[in-house]
Each structure stands twice: as C-alpha cells, then as structure tokens.
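Undergrad: Per the working numbering: the sequence shown = residues 1137 to 1652.
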Amino acid sequence: MPSNLFFSLRPSFRIGFIGLLVVALALPLAARTKNKVKKLAKEIEQSFDAFAPTGMAVAVVKDGEIVLQSTLGYKDAEAQSPITPNTLFSIASCSKAFTAACVGLLVAEGKLDWSDKVTDFVPGFQLADPCITSQMTVRDLLCHRSGLGTFFGDLLWYGTNYTNQEVIRRMRHLPINRQFRSEFGYQNNMYMVAGEIIREVSGKSWSEFVVERIFRPLGMQTTVPSNDELAPGQDLALGHIKGKKVPVYDFNATKPAASIYSSVNELSHWMRMLLDRGRWQGKEVLPAAVLADMFTAQVPQNVSAVWQSWGVHFRAYGLGWGMFDYAGKKVIEHNGGMPGYISKVCVVPEENLGVVILNNGMNGVVNDAVRFKVLDYFLEHTGEDWDKVFGRFVEMGEEYEAHATRERTGSRVKRTKMSLNPEDYVGIYTDKMYGDAAVEMRGKTLHLTLQPAAAVFTSPMEHWHYDTFKVQFKDDFLTFGLINFKLDAYGKISGFKIDLPSDDFHFFNLDFRKKQ
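(1) Please name the residue in V1510, V1329, W1342 and N1488 whose C-alpha comes closest to that of P1259.
(2) Using the Cβ count rule (16 or more neighbours within 10 Å means buried), how would you classify M1577?
(3) Of the choices L1556, K1378, G1191 and Y1453, whose alpha-carbon is the least far from that of G1321?
(4) Can you list, in chain order, the residues of its chain whose CB lies under 6 angstroms from that of V1086, leaving out five sequence neighbours each side?
(5) For K1568, which residues from the same chain have a beta carbon less than 6 angstroms from its beta carbon, with the 5 sequence-adjacent residues on both sides left out?
(6) Going by DSSP in three states, K1247 sits in which element: helix, strand or coil?
(7) With a cut-off of 8 angstroms, do at least 3 Cβ pairs link the segment 1349-1356 to the segment 1418-1425?
(8) Contact check, N1300 vs E1332 under 8 angstroms by CB: the rounded distance?
(9) Measure the alpha-carbon distance for L1291 versus K1465 and round it to whole angstroms.
(10) How is D1212 classed by DSSP in three states: helix, strand or coil?
(11) Going by beta carbon distance, what residues of the same chain come within less than 8 angstroms of R1415, once the five residues before and after it are set aside?
(12) With DSSP run on the structure shown, which of helix, strand or coil describes L1614?
(13) Return helix, strand or coil for L1646, following the three-state DSSP convention.
(14) What does R1451 pair with, by DSSP beta-bridge criteria?
(15) Just to confirm, is the Cβ distance from T1541 to Y1602 under 8 angstroms?
(16) How many angstroms separate the CA atom of V1203 from the CA atom of R1413?
(17) What residue range is occupied by the uninterrupted beta strand (DSSP E) comprising N1325?
(18) Can you give me the Cβ contacts of S1479 inside the same chain, cut-off strictly under 6 angstroms, excluding the 5 residues immediately before and after it?
(19) Going by CA-CA distance only, name the one from V1510, Y1462, G1519 and H1470 that's closest to E1179.
(20) Is there a Cβ of chain D sitting closer than 8 angstroms to that of L1204, yes or no?
(21) From what residue to what residue does the beta strand (DSSP E) around Y1477 run?
(22) Using the rule of at least 16 other Cβ atoms within 10 Å of the residue's Cβ for burial, across every protein chain shown, is G1418 buried or exposed?
(23) Does S1217 come out as helix, strand or coil in the three-state DSSP assignment?
(24) Roughly how many angstroms lie between the CA atoms of T1581 and E1559, to the nearest whole one?
(25) Throw me the rounded Cβ distance for the K1247 and T1273 pair, which I believe falls under 8 angstroms.
(26) Who are the Cβ neighbours of E1598 in its own chain at under 8 angstroms, not counting the five residues just before and after it?
(27) Does DSSP put T1552 in a helix, a strand or coil?
(28) Do S1206 and D1523 have their CB atoms nearer than 8 angstroms?
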C-alpha cells in the first residue's frame, strides 16, 4: 500500500562551545529516536496489512512535535485515490471532547458552572424520572451518568428529520435503566443538550462557537463542524463498509456529539495544545483548570478480565474523554464511529505523547492495535502481539455473528401462514418515543417505513413465519430485522415490535401500536 512518512526531530541549538557539546551529545539519542520511529512506522504498516481498512491516517506527537505521520490506503476504494495527512475523515464521537472544551470555556469565563442545572438553560428538557430531570447538571450531561442506557435514544437522531428540539421533547419517553450518577451509560443526545446550553449561554450555535473558539485559534483551517460545511472537491475520505462506499451521513440533529470532520494534521494541533496545558504557539486556547476537569475521572467503568490481563487497573470517563492506566501511566482517549469511519484520539500527558488514528474502513481493531503499539514504543513497555490479539477478536466476532445468524435463520418455522390477509396488516402505527411507522401494500407486497427516517428505515416485508416478517433496511451497517405483529383479543392487529440485533440502535425499545 502507498505510504507517506514524515519525521521531525527538534534538537536544541545554542551558540558557542557548550551548545555544540550539547548537540554532539544529543545526536546518538536523536538517531535512536529516529530509528525507533521508523520501526514503529513499519509496525503500523503491518497492522494496516493485517486488518485491511480501506484507508488509514496516523499521526504521533511527542514533546510538542509531530514525530510520525503515516498515510496508508485510499480515500476512495474505487478511484484508488491515496490518503494524505490533510485528508478529512469523520471523527465521529471524538467530537465530544471539543464540545466539552467549549462548555469548559464558558465555565472559565464565569458564564456557566459544571454544577448548573440543565433545566435552567433548556426548559423543555425532561426524562422519564422527574427527580433525575430536576437534578441533572451540566457535568452529568458530559460524563454519561444520566440513568439512560448506552445509546438509548440514538434512533431519535439517526437518519431522522427531527430537530434538536424535537429530539429533546421525545427523550422523556426513554426508559431509565441505570443508577443516576453511579452507573455509566454512553449518551449522544446528552451532548446535543450540552450544545443547546452553549447556544443559550453564548448566543451562538455550537458550530459557530467551536469554529470561533477552538478551530481558528488552533489553525485548524480545513476542519469543519459538520458535513453540511464540506466544500465540493475537498480532500475527503469516503466511508466504506466491507469495501463498499457509503454516503456521507447528513447530520440534522445531535451535531455536538459526533459531526466534526478533520485530518490527522490538524488534529495534531489539537493534541499538542492539550499536552501543552492548553497553549498553542504560546497562546492560551483552553485554561489549564478546564483541562484538569476534563481529564478527571467522573464515573467508573468496568475493567474486564481482558483489560486486566493487559495490566489495566482502572477505567473511567471524565468530561468528553475516557481514561485508563497502562504501563504505570494515565492514558486519556476517545473513540468515534459513524457508518464507514472509525477514529481514535489518545494522549498521555505525563509523557507529552499523543496519537490520532483515523480510518475509513469501519475497522476499529486496527485503531486499537496501532494505539497499543505506539504506547509500547514510547513508554518502553513490552506488551502483547497486538495484531495477533485483535486478530483473534476479529475471528471471535465473525464466529459469533455467523452463529447468531444461523440461530436466527434456524429458528424460522417453515410452512406456516399469516393469521390474516395481507391487507389487514396495513395501517399507521406509532411509538410514543419514536413516532409513526407505515405498513402499506405496494403491488402485492407489504412494505414497512419508519416515517421519521423514511430514507433509511424502509423495506419490503417478506413473510418469515406466523405473523412475523423479515425486513432489510437500507443501511449496510445493519443486519436483517424481524417485525413481530401482535393480535388483540378479537384477532385484530394491535401493534408490532422489531427484533433487529444491533449494538448501536436499540430497536427493542420501540413498541408500535396501531392507530385507529
């Protein structure tokens, strides 16, 4: 695969004999560092070859300088156009750290406090539990301890025509299944609410604020807050799923959670600022006190047996950042994922070290393997054979997926019939949280459309067994779903549920009732 490697090492130069002596003594160390980086670059190429994402860009910063940039593969698999250090990727949830930083700037200016109540700024904010609603603070929004389950409510913004305000209005119907303030539940919608607070306090939209207060001061000239600000012909990596190009996701709501597009070159500016106590080129962009708050653990996360086997003792979430310990150092990082893209930004403040990894092949394990390789090299730690470790995870995932598909397919009961005529299933159904769904006849075939996301969640309905139908929505990210219709005591259709396994979108929370 084509690659571009850029190495930059900065010795200290002074005039006179002492300066010359310092330089002379530094040369062996510089040479060793350069050789180490060259070896690491080859290791990164090996990970790329092992996991084969469509394209990948990596940048490593150390002691205030970019010491490695590696670009591999293609931004468009069909055109085979190469990735560059300036190629823009969707950084997805790595956007959250920018949103937390924006809130932090308002806190530093005394216009907001982490402990301020959400309802003081967003009167329409309401969750199913009135106590949580009244007590929810800005800090709670940013550290995922709202009481909602991970990804609960993502169906409200994914592919829908809902505005931020409409998503907020509907969130009151989401089930609470975690302990408020003591259990972690990853929430995109809470970051959207934080964006609405930024608008209320500053008088500027989240997009305007993040550009003015973060991007411009950091010289991030091509980074944009969302897809609707991408320019025609811009150096853009297209997302791919299983080698197939997917359309750029069009954000309507929830931008502050996941909508930024950036490059490894410009994200290097961001990392260098974070590692220099909030300064960029000598000027303060983010107060050090805000950084300290963002990098402080707020809610614990589980340390699985696998993490423990890697020597990890704690995992937690701060404000816009996750964190864990590795080789005796505190690692601060965040991952991101949107259809076709996986991102990772990772910094180790004690070592003045950072790495950003972006890929457009929907392949998260390569990012994890590269991150650990970078940490091992610069922390001088003997870790695992990371390509082997994560390669096994891929195998296990594929085995599980194949088994689950066989199980679902094998559970189909053959030679069964629908309880009613096809026309009896036709109608408008509604879920109080999500909205309406339409079942209609198109020719001789039943067809389902979830109306808030009609372009994505639509499919012909193939009879599966009894009163269950198979659908395949227009999203390569999802497997097939089973629509299970329910009959009332009079033998008439009363509603349906959707059985569609997904780690990201919880269709099981939807309960559609037929409108009369």
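Even glycine gets a Cβ: it sits at the ideal position worked out from N, Cα and C.
TA: Checking against the coordinates, here is how it stands:
(1) V1329
(2) exposed
(3) Y1453
(4) The structure shown does not extend to residue 1086, since the chain is modelled only from 1137 through 1652, so no value can be given for it.
(5) H1309
(6) coil
(7) yes
(8) 6 angstroms
(9) 37 angstroms
(10) strand
(11) M1409 and V1421
(12) coil
(13) coil
(14) Q1437 and F1460
(15) no
(16) 20 angstroms
(17) Taken as a continuous stretch (DSSP letters only), N1325 belongs to no beta strand (DSSP E), being part of the alpha helix (DSSP H) at N1324 to S1338.
(18) I1227, A1228, C1230, G1472 and L1494
(19) V1510
(20) Reference to chain D is not applicable here, since this structure consists of a single protein chain.
(21) Y1477 to V1484
(22) exposed
(23) strand
(24) 10 angstroms
(25) So it is not a contact: roughly 15 angstroms between Cβ atoms.
(26) F1605, K1606 and V1607
(27) coil
(28) no
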